[in-house]
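> What follows is a structure written as structure tokens; I'll ask about it next.
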Amino acid sequence: MSSDVSQSENTPDADQPKPSIRQRARRSPAGNSVLAQGEPMVWLTGGALALCLLMILGLLGAVLFLGMSTFQPLPIVKVQLHDGSTVVGEVTRQETFDVSADSLLNEQPVVVDKFVENAVAELGGEEFLADLPSYIKEHSTRIEGEIAETTDKVALLEGLIEQGEKQVEDRIAAETGGKGRVQDRLDAIRASAAGKKLKGFRAELSTIRGKVDALKGQLVADQEAIDYLATEPKTSDPSSDNNVSPKLRQVFDAPRPVKVAVVNTVLDQLAKSRGVRKVNGQRRLFRIGNKKITGKTFQWVADFEVKPESQEEPEWSIIAERTEWGRFYGTPKQFSVRHERVVSDEEKELAAIVKLFDENLYRAELDETQQAAIQAAIEPLRKELAELRKKRIDEFFAPLEAGEGREVLAIPLFGEPVAANDRAPDADYVAALEVWKTPKTSWKKFEEHHDDVLERSARRHNLKKHDLGHVSHTRIDSRKLLREQELKIDHQLAPIDREKRAIEDKMAEMVENDVDQSSEEWTALQQRLDEIAEEARKLEKQAVNLVSLCSEIYQYRNSVADFDKLIDENNALAEAVTTRLGEDSAATAAGKKIIASLNAEKENERKQPADTLAELEADLSRAPDDVNAAVEEYFKVQAKADEDDAAIQKDINQITEENNRFELLMATATGDDAVLSLDTIVRAYPANQLTTGDKAGIYASRWWEFISADPREANSEGGVLPAIWGTVVMTLIMSIAVAPFGVLAALYLREYAKAGIVVSVIRISISNLAGVPSIVFGVFGLGFFCYGAGKFIDGGPGNAGWPILPTGQWYMALAGLAVASVVAFVLGIAGATKPGATVTPAKQALSVASTLFWMVAVATFAAIVITTPYFRGFYEADLPTPTFGKGGMLWASLTLALLTLPVVIVATEEALAAVPNSMREGSYGCGASKWQTIRNIVLPHALPGIMTGMILAMARGAGEVAPLMLVGAVKLAPELPVTLTNWAGSIGPLPTGPLHSDRSFMHLGFHIYDLGFQSQDSEAAKPMVFTTTLLLILIIALLNIGAIWLRAKLRKRFQSGQF
Amino acid sequence: VAEAQTLDQGVPVDFVTIAPKDDGLIAVGGDGMWLADFDPAHPEVTWASLFLPVWYEGYEEPDMTWQSSFAGVGPEMKLGLWPLIFGTLKATFYCMLIGAPLALLAAIYTSEFSRPRAKATIKPVVEMMASLPSVVLGFLAALVFAPLVEKSVPTCLAAMVTLPAVFVTSAFLWHLMPPVTALRLERFRFLYCLALVPVGLYFAWLIGPTFETVFFAGNIMLWLDGQIGTGTGAWMMLLLPLSATVVAGLTMTFANAWIRRISGNWSRQKFVVMNLLKFLLGSVATVALAWTLSSALTGIGFDPRGTYVDTYVQRNALVVGFAMGFAVIPIIYTIAEDALSTVPAHLRSASLGAGATPWQTTIRIVMPTAMSGLFSALMIGLGRAVGETMIVLMAGGNTPVRDWNIFNGFRTLAANIAVELPEAVQGSTHFRTLFLAALALFVMTFFVNTIAELVRLRFRRRAIEL
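Heads up: the sequence lines are chains D and H, in that order.
Terminal number for the first sequence in my numbering: 1062, no gaps in between.
Terminal number for the second sequence in my numbering: 485, no gaps in between.
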């Protein structure tokens, strides 16, 4: 029966010829029909539906609103507080809160005073102040009432406690009869119900007493306040401002207990006059940023804390979003560009020579006159150097004259920078600093340079992440080669070791059984043991710890080479000295002597690493000859990697240096100045000068960053690109895995299987699978995929903790498998029935037996695979670091594939059922076989339905988080599961490289959980949570809408029935 | 302890100790030392320690506790599964309490009273709710909904009264209209229902503070904490549905029969007004009954505080109940609606043809026929609630305590696995206990689902036979 038909008949009057409304109304009898209509119940059901729908819409609306509004740029508000501090920031939230006396009294005294002043003004000014003592009396009366209320309860509780104590004691006495202490305790526990109650009473009593004490404290304070206010206020106080009346001033100057009483009374009266239960206040949450300076990023500001009319939106307040330490709020004070002076080779050489003589002359072992002579000899060099330097410095500063709104500073090698024009003639200046000092000019300059800096930063980021990453991968690969060589010997040792243990066990058994130790068997065993030991010794001699040995050799080679380099440099300096000072001058001789002494020192230092190196190399030569190739390769790769690293590092340093030339000095609300380096600023804007267009631009750029960038600041800023990729890739692998299984299972169930117990069981299992909690799938994935299959892939059955069969038994199992398969095959052929022939019991028995043998064969096959002694895993060289033996993309996808399998099966079955039988019959009628019919008729028609099922499965899979927490989703995955780098080293939006299915990954859903509940600064992370949620919901909604659309299309195509 | 006998070779043992890692036994005697491997496997867990009270170190009495400290130092691990199972049951209970009636009533309306066109749009919308990721629900519940509820507990409680009251009152007012107009306007009934939801919420907001003053001594947080007031308010809240049911039942059995008898020749107008009066009287009677019972219970010294209501915690069962209700509503709704829709049309037609109203047809014909389908819908919803992880993990507070307090948190088996398994050491006792917890969860859902599926299959067979 079609559901469409039933739908149209739900409403009784849909298909029947309609009597006119007037007729029907007249037909209904007056009273009874009203009751029979059950109108209230109908309305209740309608209300329930309406509530459900509104809840959905409300939820979607909330997500949409929260997600869309968080990236909007807000203005910067500046307020001054009564306690003298200034707060500058974005107002993120505003709320009404209850003002309690306790929290108010914790504020600064000024704030309390201001609050009292405002309240007094609201309550009637001086009149109220005059009546204050009486109001305090009123408060006291109320407190007294409260205390009186408790006395009854206290008495009751005391009675109960007394009674309870007596009961417990009686019971203990009755049951122990005064026996030992252990018995006492046991019995006390036996009476625990009474004991527990007693404990509860005591706790309650103590809370009440505590409360009464606090109230009594208030009473005392009240009395004190009344006494204090009764004294005459001081008429004049020169230090105070004149706006405050003497009476109020008296309150301000009151000691703390009095203030407590006054605040309590004022709050009471305020509530009374406003007609509310509790006094409300407004407060705003300011995002104040500047975490490095203030130590917090958010601050609540209550309205009564703010000085009246101090609120403003400063024109030049800037919001800077940084790569670290969160947002920065401040006013630009100064922008500076540094120009480094390039030192020429000639200058460098001269300086080196002069330095050599200045610092190391003692090494030449000369007497004083000789020293003086040498000093005189190098004096011309000094002069030459000074002149050269001055010339170069003048040349350098010439184009950098100070202009309008711009200053130029000269930065000396040592000491404070001076204005370029005031520079000393003989000092060495290493750089010049261009400085702009007004907010406007510095902001302009900032905008001019920022884009270039960011572009360079992006390049550096790529260099760091991809190029350096690539180099380190080559290093790891070459190390793995060595490790494989190491393992070779281990593999040769393993069977020997196993045999040795077997013989030892046998010998131990023989000892137990008192076998004569001179028997032939014993001797043979002993001999074999010796042989094995010899073999093992030979192998062990060759077993070298290749990885660590080679890396040590490499390090020592490097340090020896470093010394060589230093010596070479010294020799070059010696040559320079010779050319500068003449071939045979005394100074040259002295210089050479100095350098020789320096070199001797270095040679001495070089000796120790060189010796160690020789030792290590001797060690290496013990290893078998066939490892040489790997060792050579290792050294080659390491050298190449070092070279590449250095080149990349040089590029990186160059960019960093270039970027560090630009600095922005900002003044903050707290009065501290902070220097911001331009490449730490992601985005900065003067928040109070934005036009609507600017705002839209910032909004769009934030969204773009969100979907195209990596996260930063512990995921609370930046983007979610890795999470998007993780979600997408995982969902795709999942659908590739689930599609064949789901469709084949559904095909079997719908087209081939005959109804029976087996099929019912399968169906119940499928719907059970759909109902299994997702976390259970996660646990299964962790136990089976990660720790089972994954560890097996990594290092064979031994690594997975599975038993390894001895070789002999394993071959026997293999033979068993062959026999079982052959038997099953033969039985199957013998038991087959021709189509149309009747099934005899004998044949049936044969086919059942065949099935059983197939099962045995499959089980044996599985056992053979998981216990094989010949498989040692694909990633043995990486152990103990797991490759697949931990959570990762592949296992997460497979786990979710299991989870979504029932969705696909059910949807596919429905789609298959929706294909009208007439089409099948037509196909059969034309002579097509069953498979031909399914292939050419049924599947094409069911395809949209199957696709619907797949899409629904993808939607379910994309939104599932709980299992992923166990099988591979992580809060931060530095490397994406797909390579996005192209050959030129830049990142593109599309995958270019291989899939890394073993890697952990980020996931949008997990990101939401992690950000909202695990992050340190949850307030700062909130915007990201909202937007991530919106993104996830959008993806899932798109998938769902696609599925609904497909389903609607399918329904239109086949209007025939299904249950 | 293996090999212990081999020591008996005439050497007196001076002392015996357990190796520092608890994995060996060291005996020192004569001039030698002797070492035996010692692998107690998992001594801290037995069936009894998992499910029965255990007297832990430093405790005053045996208790069932879940407290898994990871390292081997500090207090011992307390691996009692019962608090977690209790948490699971609590979450399921409150979730079904909120979700099941809403979903069933909504399914009945969709299947029996809404127009086919409306149904064609409503159903996919509710079904779409099923694919909302639970992490989103949990996050909204914990970060948006929970703080909101915390600020307006009385309003939320009031809404539970005002919302149904608004719908029922409107139904009685509806009758006041002339039947012709009523029939004409009936097609827009669902729109009125939609409009009434905000009205109900507005009323709740309006009377929320009064509610607090009357029932909860002016400050519900302190009241819940047991500091002020008496237990009458909470009894009222708990007993109101009960007394409403009692009053409605009495009205149906006694009052309605009596009214039918005396109203033989009344005009419709008069009857309808009397009906409205009856409803108002009934409402008053409900409140009065609830008040009397509550006062009586308080009078003899029962205070519900400390059991079903107690100190308020921000992330609590009420919030989780709503959020998880969200998760189970679409499931129950879809299956229940399918079950109601598949009741053969000729049964309905026959009933309507015999003069029964749509409501009578629904309650007497359709629902009994579809009962097993409705039951399996509830069971499948229950299965989902038992295993739901992310919502309880985020909004449930995650404290493994055992109390029924609707305003307190809890920790379920599923949430516990999600929190602790990633950090558990592979192969340790803790790790294995968590796997056992997963098994327990699986078994629970397996039973529920299998029963549901068997009932559903039976229902399908019967529906086809009809």
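Where is the CB? At the ideal position from N, CA and C, for every residue including glycine.
At the level of alpha carbons, what is the spacing between aspartate 470 of chain D and glycine 962 of chain D?
34 Å
> With DSSP collapsed to three states, give me the class of glutamine 520 of chain D.
In this structure, DSSP gives glutamine 520 of chain D a state outside helix and strand, which the three-state scheme calls coil.
> Taking the alpha-carbon positions, what's the tyrosine 332 of chain D to glycine 292 of chain D distance?
Approximately 6 Å, taken between the alpha carbons.
> For leucine 785 of chain D, return the contacting residues in chain H, with the cut-off set at a CB-CB distance below 8 Å.
Leu440
> Taking the alpha helix (DSSP H) that alanine 816 of chain D falls in, what are its first and last residues?
810-834
> I'd like to know if leucine 163 of chain D contacts chain H, where contact means its C-beta is closer than 7 Å to some C-beta of that chain.
Leucine 163 of chain D is outside the set of residues whose beta carbon lies under 7 Å from a beta carbon in chain H.
> Hey, alanine 437 of chain H and arginine 334 of chain H: beta-carbon distance below 7 Å or not?
no
> So which of D/Ala1023, D/His452, D/Ser738 has the shortest CA-CA distance to lysine 299 of chain D?
D/Ala1023
> From the DSSP output, in three-state form, read off glutamate 404 of chain D for me.
Coil.
> Please check the pair alanine 414 of chain H and cysteine 55 of chain D, which I expect to be a contact at CB under 8 Å, by giving their CB distance rounded to whole angstroms.
Actually they do not touch by this definition, with Cβ atoms about 19 Å apart.
> Relative to chain D, which residues along the segment 297-323 of chain H have a C-beta separation below 7 Å, given in chain order?
None of the residues of the segment 297-323 of chain H has a beta carbon lying less than 7 Å from any beta carbon of chain D.
> Using only the alpha-carbon positions, how far apart do valine 357 of chain D and leucine 384 of chain D sit?
7 Å
> By how many angstroms is the C-alpha of aspartate 58 of chain H removed from the C-alpha of threonine 25 of chain H?
Caution is warranted here: a pLDDT of 47 is assigned to threonine 25 of chain H, below 50, making its placement in the model unreliable, and the coordinate value is therefore given only provisionally. About 18 Å.
> Determine, using beta carbons only, whether leucine 123 of chain H and alanine 355 of chain H come nearer to each other than 7 Å.
Yes.
> Return yes when the Cβ of leucine 466 of chain D is within less than 7 Å of the Cβ of isoleucine 684 of chain D, no when it is not.
no
> Do the CB positions of tryptophan 254 of chain H and serine 189 of chain H come within less than 7 Å of each other?
no
> Let me see if you follow: with CB-CB separation under 7 Å, is threonine 73 of chain D close to chain H or not?
Interface with chain H (7 Å Cβ-Cβ cutoff): threonine 73 of chain D is excluded.
> Say whether chain D places a C-beta atom closer than 7 Å to the C-beta of proline 31 of chain H.
Not an interface residue.
> Could you name the residues of chain D that cysteine 114 of chain H contacts, counting a contact when the two beta carbons are closer than 9 Å?
Correct list: empty, because the minimum Cβ distance to chain D is about 14 Å.
> What residues of chain D sit near tyrosine 128 of chain H, judged by a beta carbon separation below 8 Å?
For the C-beta of tyrosine 128 of chain H, the chain D residues within less than 8 Å are, from N- to C-terminus, Val45, Thr48, Gly49, Ala51, Leu52.
> Of all the options D/Gly721, D/Gly804, D/Ala505, which has the alpha carbon lying nearest to the alpha carbon of arginine 686 of chain D?
D/Gly721
> Against chain H, with Cβ distances strictly below 7 Å, would phenylalanine 828 of chain D count as a contact?
no
> Taking asparagine 561 of chain D as the reference, give the member of D/Pro627, D/Lys643, D/Arg625, D/Leu601 with the closest Cα.
D/Lys643
> Could you tell me the boundaries of the alpha helix (DSSP H) in which glycine 157 of chain H lies?
153-159
> With a threshold of 8 Å on Cβ separation, who are the neighbours of valine 550 of chain D within its own chain once the five nearest residues in sequence on each side are excluded?
Cβ neighbours of valine 550 of chain D beyond the five flanking positions: Arg482, Leu485, Arg486, Glu489.
> Return the chain-ordered list of same chain residues with a C-beta closer than 7 Å to the C-beta of aspartate 306 of chain D, the five sequence neighbours on each side being excluded.
Taking aspartate 306 of chain D as the centre and dropping the five residues before and after it, the same chain places the C-beta of Gly284, Gln285, Arg286 closer than 7 Å to its C-beta, in chain order.
> Which class does lysine 837 of chain D belong to by DSSP, given the choice of helix, strand or coil?
coil
> Can you grab the Cα-Cα spacing for the pair glycine 118 of chain H / phenylalanine 341 of chain H, in whole Å?
7 Å
> Using a Cβ-Cβ cut-off of 8 Å (strictly less than) and excluding sequence neighbours within five positions of leucine 1033 of chain D, which residues of its own chain qualify?
Only Val66, Leu67, Leu69, Gly70, Met71 meet the Cβ criterion.
> Tell me the rounded alpha-carbon separation between glutamate 368 of chain D and lysine 596 of chain D.
9 Å
> In chain H, which residues lie with their C-beta within 7 Å of the C-beta of serine 770 of chain D?
Asn468, Glu472
> Tell me whether lysine 386 of chain D is buried or exposed, calling it buried when 16 or more other Cβ atoms sit within 10 Å of its Cβ.
Lysine 386 of chain D is classed as exposed because its beta carbon has fewer than 16 other beta carbons within 10 Å across all chains shown.
> If you run the structure through DSSP and keep just helix, strand and coil, what is asparagine 283 of chain D?
Note: asparagine 283 of chain D maps to strand in three-state DSSP.
> Between the alpha carbons of valine 279 of chain D and leucine 47 of chain D, how many angstroms are there, rounded?
35 Å
> For chain H, check one thing: does any of its Cβ atoms lie closer than 7 Å to the Cβ of isoleucine 59 of chain D?
yes
> Which residue wins for smallest C-alpha separation from threonine 381 of chain H, given the options H/Ala304, H/Ser130, H/Glu76?
Measuring from the Cα of threonine 381 of chain H, the nearest candidate turns out to be H/Ser130.
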